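Protein chains in written order, with my numbering: chain A, 18 to 371; chain B, 31 to 394.
Working notes, structure below.
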Amino acid sequence: MDPRFERYTEILKTLCDTMSISGNTRAAAESLRPLFEGRFDSIVTDPVGNVILTKKCGAENAPRLLIDAHLDEVGMMVSGICDGGFLRVAAIGGIDTRILQAADVLVYGKEVIRGVIASTPPHLQDPGDADKLVKMKDLLIDTGYSKEEIETLAPVGTPVGFASGLRPLAGKILSGRGLDDKCCAASALLALEETPRESLAFDVTLVLAAFEETAYIGGAAPAAYSVSPDLALALDVDFGSAPDDGDNKELLPLGDGLSVTFSSVTSRRFTKAFIRLCEEKKIKYQLCVSAGSLGTDGEVLSVSRGGTSCVNLGVPLRNMHTYTEVISGDDALALADGVAAVMTSRLMAEEASK
Amino acid sequence: MSELTELLRDLTAVFGPTGCEDLVRAEIEKQLAGVCDDMRTDPLGSLTCVVRGRGDGYDRQSARRLMISAHMDEVGMMISRIDDRGFLYFQPLGGIDRRVLSGRPVRIYGHDTAFVNGVIASKSIHLQSKEEREKSFAVKDMYIDIGARDRSEAESMVSVGDFATFDSPYYEFGENKIKSKAIDDRLGCAIMILTARALAASDAPRSYDTYFSFGVREEIGISGTACTAFSIEPDCALVLESTAVADIAGVPDNSKVAIQGEGGALSLIDRSTVYDRGLADHLISLAHANGIPVQLKRFLSGGNDAAHIHKSRSGVITAALSAPTRYIHSASCVVDRRDCEAMLELTKTFALGFDSFISGVETR
Numbered sequence: 018m019d020p021r022f023e024r025y026t027e028i029l030k031t032l033c034d035t036m037s038i039s040g041n042t043r044a045a046a047e048s049l050r051p052l053f054e055g056r057f058d059s060i061v062t063d064p065v066g067n068v069i070l071t072k073k074c075g076a077e078n079a080p081r082l083l084i085d086a087h088l089d090e091v092g093m094m095v096s097g098i099c100d101g102g103f104l105r106v107a108a109i110g111g112i113d114t115r116i117l118q119a120a121d122v123l124v125y126g127k128e129v130i131r132g133v134i135a136s137t138p139p140h141l142q143d144p145g146d147a148d149k150l151v152k153m154k155d156l157l158i159d160t161g162y163s164k165e166e167i168e169t170l171a172p173v174g175t176p177v178g179f180a181s182g183l184r185p186l187a188g189k190i191l192s193g194r195g196l197d198d199k200c201c202a203a204s205a206l207l208a209l210e211e212t213p214r215e216s217l218a219f220d221v222t223l224v225l226a227a228f229e230e231t232a233y234i235g236g237a238a239p240a241a242y243s244v245s246p247d248l249a250l251a252l253d254v255d256f257g258s259a260p261d262d263g264d265n266k267e268l269l270p271l272g273d274g275l276s277v278t279f280s281s282v283t284s285r286r287f288t289k290a291f292i293r294l295c296e297e298k299k300i301k302y303q304l305c306v307s308a309g310s311l312g313t314d315g316e317v318l319s320v321s322r323g324g325t326s327c328v329n330l331g332v333p334l335r336n337m338h339t340y341t342e343v344i345s346g347d348d349a350l351a352l353a354d355g356v357a358a359v360m361t362s363r364l365m366a367e368e369a370s371k
Numbered sequence: 031m032s033e034l035t036e037l038l039r040d041l042t043a044v045f046g047p048t049g050c051e052d053l054v055r056a057e058i059e060k061q062l063a064g065v066c067d068d069m070r071t072d073p074l075g076s077l078t079c080v081v082r083g084r085g086d087g088y089d090r091q092s093a094r095r096l097m098i099s100a101h102m103d104e105v106g107m108m109i110s111r112i113d114d115r116g117f118l119y120f121q122p123l124g125g126i127d128r129r130v131l132s133g134r135p136v137r138i139y140g141h142d143t144a145f146v147n148g149v150i151a152s153k154s155i156h157l158q159s160k161e162e163r164e165k166s167f168a169v170k171d172m173y174i175d176i177g178a179r180d181r182s183e184a185e186s187m188v189s190v191g192d193f194a195t196f197d198s199p200y201y202e203f204g205e206n207k208i209k210s211k212a213i214d215d216r217l218g219c220a221i222m223i224l225t226a227r228a229l230a231a232s233d234a235p236r237s238y239d240t241y242f243s244f245g246v247r248e249e250i251g252i253s254g255t256a257c258t259a260f261s262i263e264p265d266c267a268l269v270l271e272s273t274a275v276a277d278i279a280g281v282p283d284n285s286k287v288a289i290q291g292e293g294g295a296l297s298l299i300d301r302s303t304v305y306d307r308g309l310a311d312h313l314i315s316l317a318h319a320n321g322i323p324v325q326l327k328r329f330l331s332g333g334n335d336a337a338h339i340h341k342s343r344s345g346v347i348t349a350a351l352s353a354p355t356r357y358i359h360s361a362s363c364v365v366d367r368r369d370c371e372a373m374l375e376l377t378k379t380f381a382l383g384f385d386s387f388i389s390g391v392e393t394r
């Protein structure tokens, strides 16, 4: 097995095994400390839960590069407790209810307990019911405890997440929960791990952002304010092409490399400079367009302070916001290469300093 | 864990969708090594094991026959097409609600007996049209993603016709609950294995032969157990099964079917069988006399192999005892450990003391 892919998978597994539903990134940062310790000059969690990791290059007045990958993932929260120890939940982030019935969950209460999301038994269904999707408010989670016990173990407000881990498919294809956006976070962490301080052309700050999945809140903004970068890279997953694309011909195939977004929100100058870097270093990339918006932290980073040049990168991902998201390890390693190329580029650093 | 739950954990892990029960049968044969007087596999793959009577009063020629039955197969899928991009289309094996398919991890039994990991895809919510967001996908539009680059890579690992199941491990949760795939009907198989061992170990005289029928193809209804019943010619049969219950919050009492924690559910009537009242009453009395929890299935729903057995040849006195099972035919069936143990106790008690029932009954 490719040792670099093995290391990437190790980092990704550590991130995936940690629950980081929006609102819980501070606690996640604590569990992830061993992953960060010894690799960064400073490790800070800000008041909204962004994890801010800085690695300086050692030069005076070096330009600052901010790399953003969001740490938060979609999930649920206990909103009510019923007889028989069944829980009612509300969604945090965009969750498709079609994946929920009979799914395994973990309830992060006083202890982590297992549960199963109930599904409608056949004898209670009317004809045509199988066509309809159940609504979040009608779902129940079976915990196997009595109402009194579960009220103490998992009161209203307790986070509930999907219980699935990282699972290999064919070749370097990986499947799991939270790959949006942990697969990009892992690429950035790998790039930082592999790049010695002396090679850095920027002071690099990796922001593992809070509240991206609850996009209307945009948690990365305070981190961008604190770092005040000269250049920002927003890393987030793109839509992978699959048989159910329908009329949409603009989705990206897995395995064709990291994705680079053309948009009116990003810096065209730096995006083109990044593409030239990929060509020079023979890093596999593919282009996509998101004209009037990005749907990523890039939107928030670009309007930070007096304005920030931003480049939006990522990898294609299938089955977004399910517990079996699918990515290509080759694409993720290409993204790590792309990020490393920017961090070590004197040309980019000069451009950013202007 | 108890002897029963350990066996259940091991059996539910085995790959055995309808039509591909060989691996389950091999495991059961292993578990019954040295226990039965005879074990045979029929042309469809069903396994029948006999524990004969013993002592004075046992005559092989005229011995009456008790048949205890459970099925080895679980719900699953069969690969029906591989597309140019290496995605796999499938048809379901057994009645799986399409609402518990999207996004699930699955395992395919591919080339050279290797298992291949896959996921049933689920289109990203952001890409769905308004209509798509309101409806479940049809199974014909669903596909399995194994991460193959293209058709050629996919075909190097799997073929059209290959079998698949949910990939869903056993675990215990809450105070008494068990979750796994295939509890329907590996629980029945586990109870039969332990009952066979108990019979074989008992020296007490008994005049009857006990046939344990581990059936195939139950989930599709064209069941192998119909043939096993024909071959065995039993005087009496007990079917061990799982039954779908809705004892969850918000369901009115009369729609719950049965309550977890109150014991195995005995059927009086379902969609394909009217059960023998005398046998049902006997099982209830036996349970009460021995302090074993038992309840009646309180909704006219479902069906099982009793449908085939009770009308076999000139008819068989039949009962069905089922574990109240939540979320049946999904990756996450949930049963109550107490019900499993109660079913085992009642089955063993009934099988060991069958003479007390059958001596008073005319069958041939």
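Glycine is no exception: its CB is placed at the ideal position from the N, C-alpha and C atoms.
From a predicted model like this one, the values you see are computed outputs, not experimental measurements.
* Since PHE103/A sits in a beta bridge, which residues does DSSP pair it with? -> CYS99/A and ASP159/A
* Asked: How far does the beta strand (DSSP E) with LYS207/B in it reach, from first residue to last?
  -> 207-210
* Rounded Cβ spacing between ILE347/B and LEU157/A (contact assumed at less than 8 Å) -> ILE347/B to LEU157/A, Cβ: 39 Å. No contact.
* Quick one: does LYS160/B have its CB under 8 Å from some CB of chain A? -> no
* Asked: Can you find a C-beta in chain B that's less than 8 Å from the C-beta of ILE116/A?
  -> Proximity of ILE116/A to chain B, defined by a Cβ-Cβ separation below 8 Å, is satisfied.
* In terms of residues, what are the limits of the alpha helix (DSSP H) holding PRO135/B? -> That residue, PRO135/B, is in no alpha helix (DSSP H); its beta strand (DSSP E) goes 135-139.
* Asked: What residue does the alpha helix (DSSP H) around SER59/A start on, and which one ends it?
  -> Where SER59/A is concerned, there is no enclosing alpha helix (DSSP H), although the beta strand (DSSP E) it sits in stretches over 59-62.
* Asked: To the nearest whole angstrom, what separates the beta carbons of ARG137/B and THR195/B, a pair I think is in contact under 8 Å?
  -> 6 Å
* Asked: Taking just the CA atoms, how far does ILE28/A sit from ASN41/A?
  -> 19 Å
* Is it buried or exposed for THR169/A, if we count other Cβ within 10 angstroms and need 16 for buried? -> exposed
* Contact set between TYR125/A and chain B, taken where Cβ atoms lie within less than 7 Å -> Neighbours of TYR125/A on chain B: none; closest Cβ ~14 Å, over 7 Å.
* Could you please give me the residues that DSSP links to CYS266/B through a beta bridge? => LEU96/B and ILE347/B
* Give the single residue among ASP159/A, PHE219/A and LEU275/A whose Cα lies nearest to the Cα of LYS72/A. => PHE219/A
* Asked: From SER276/A to ARG285/A, what distance separates their C-alpha atoms?
  -> 15 Å
* Name the two residues that bound the continuous beta strand (DSSP E) containing TYR119/B. => 118-123
* Find the nearest neighbour of LEU271/A within the set PHE22/A, ARG56/A, SER281/A and GLY331/A, judged by alpha-carbon distance. => Minimum Cα distance to LEU271/A is reached at GLY331/A.
* In three-state DSSP terms, what is ALA226/A? -> strand
* **Opening and closing residue of the beta strand (DSSP E) in which CYS363/B lies** => 363-366
* Asked: Could you give the distance in angstroms between the alpha-carbon of ARG293/A and the alpha-carbon of PHE287/A?
  -> Spanning the two alpha carbons is a distance of roughly 10 Å.
* For my contact list, VAL105/B and GLY124/B are in at a C-beta cut-off of 8 Å; report their separation, rounded to the angstrom. => 4 Å
* Rounded to a whole number of angstroms, what is the C-alpha to C-alpha distance between LEU223/A and ALA107/A? -> For LEU223/A and ALA107/A, the distance between alpha carbons rounds to 31 Å.
* Asked: Of the residues that make up the stretch 142-157 of chain B, which ones have a beta carbon closer than 9 Å to any beta carbon in chain A?
  -> VAL146, ASN147, GLY148, VAL149, ILE150, ALA151, SER152, LYS153, SER154, ILE155, HIS156 and LEU157
* To do: Reducing DSSP to helix, strand and coil, say where CYS79/B ends up.
  => strand
* Which whole-angstrom value describes the C-beta separation of ASP121/A and SER362/B, a residue pair presumed to lie in contact below a C-beta threshold of 8 Å? -> 6 Å
* Outcome for ASP58/A when other beta-carbon atoms lying within 10 angstroms are tallied against a minimum of 16 -> exposed
* To do: Return the CA-CA distance between PRO354/B and GLY46/B, expressed in angstroms with no decimal places.
  => 22 Å
* Measure the alpha-carbon distance for VAL54/B versus SER159/B and round it to whole angstroms. => Across the structure, VAL54/B and SER159/B are spaced so that their CA atoms are roughly 43 Å apart.
* To do: Let me know if LEU330/B comes out buried or exposed under the rule of 16 or more other beta-carbons within 10 Å of its beta-carbon.
  => Here LEU330/B is exposed: its Cβ has fewer than 16 other Cβ atoms, across all protein chains shown, within 10 Å.
* To do: For ILE190/A, go through chain B and note every residue whose CB falls closer than 7 Å to its CB, in chain order.
  => GLY177
* Asked: Going by other Cβ atoms of all chains shown within 10 Å of its Cβ, with 16 needed for buried, is ASN284/B buried or exposed?
  -> That one is exposed.
* **Span of the alpha helix (DSSP H), counted from its first residue to its last, around ARG24/A** => 20-33
* Chain-ordered chain A contacts of VAL169/B [CB-CB under 8 Å] -> Correct list: empty, because the minimum Cβ distance to chain A is about 10 Å.
* Asked: Going along the chain, which residues of the stretch 187-203 of chain B sit with their C-beta nearer than 7 Å to a C-beta in chain A?
  -> MET187, TYR201 and PHE203
* Spell out whether any CB of chain A is found under 8 Å from the CB atom of ALA276/B. => Output row for ALA276/B: interface = yes.
* Asked: Which residues, taken in chain order from the stretch 306-327 of chain B, show a beta carbon closer than 8 Å to some beta carbon of chain A?
  -> none
* Which residues share a DSSP beta bridge with GLN118/A? -> In the DSSP output, where bridge partners are listed per residue, GLN118/A has none listed.
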